[in-house]
Amino acid sequence: IIPTIPDFAESDRRTVEALDEKGEMHHVTVILEAHKLFEKKNVDLYLSLPIGLEEGLLGANIRIVTPHGPIQLKIPEGTNSGKVLRVRGKGLPKQDGFGDLYVTTVITLPKGDHSELKAMVKRWNSSTLAPVRGEEFSG
29 IIPTIPDFAE SDRRTVEALD EKGEMHHVTV ILEAHKLFEK KNVDLYLSLP
79 IGLEEGLLGA NIRIVTPHGP IQLKIPEGTN SGKVLRVRGK GLPKQDGFGD
129 LYVTTVITLP KGDHSELKAM VKRWNSSTLA PVRGEEFSG
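Using this note's numbering, the first residue of the sequence shown is number 29, and each one after it goes up by one.
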């Protein structure tokens with residue numbers, strides 16, 4: 029049975045008609061659910077990618093999944109949470125190729141004891157660091 033699938037909303041449930049190999053009509057329920065990793069906007073896909081503090085600070089090459097198979101994504105040195113990296117042609121099909129994949133980095137600390145990291149950050153913070161917020165944030 030091969031049904032003709034109409035355009036769906038982001039999450040949808042539809043019953044469609046389909047012919048089997050004998051030419052008999054059947055009703056088939058098709059359920060479209062949101063993907064656990066990707067968010068869809070037209071032909072483009074969006075992914076929130078957890079990265080470690082060291083990966084953001086030092087840069088890294090990370091293997092990520094795409095609908096086209098796994099790829100190596102280069103995380104540039106000095107990447108902050110919220111940086112959006114565009115991967116061309118790794119989205120959904122469109123008339124003249126494929127949409128893009130937009131990856132948003134989310135710096136995530138691992139679970140566990142952070143006492144050594146905390147001590148290092150306290151030493152680092154006491155040295156000459158440039159402020160990261162302008163005066164407009166302090167009122």
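We treat Cβ as the ideally placed atom computed from N, Cα and C, and that holds for glycine.
Buried or exposed by the 16-neighbour rule on C-beta atoms within 10 Å, applied to residue i
| i | result |
| --- | --- |
| residue 37 | The pLDDT assigned to residue 37 is 48, lower than 50, so where the model puts this residue is not dependable, and the model offers no usable value. |
| residue 83 | buried |
| residue 107 | buried |
| residue 147 | exposed |
| residue 43 | exposed |
| residue 65 | exposed |
| residue 103 | buried |
Supposed close pair residue i, residue j - CB separation, criterion 8 Å
| i | j | result |
| --- | --- | --- |
| residue 131 | residue 101 | 6 Å |
| residue 79 | residue 135 | 6 Å |
| residue 69 | residue 99 | Incorrect: roughly 20 Å between the Cβ atoms, too far for contact. |
| residue 115 | residue 128 | 6 Å |
Bridge-paired residues (DSSP) for residue i
| i | result |
| --- | --- |
| residue 53 | 47 |
4-residue-minimum alpha helix (DSSP H) runs that sit fully inside the region 97 to 133, ordered along the chain | The region 97 to 133 contains no whole alpha helix (DSSP H) run of 4 or more residues.
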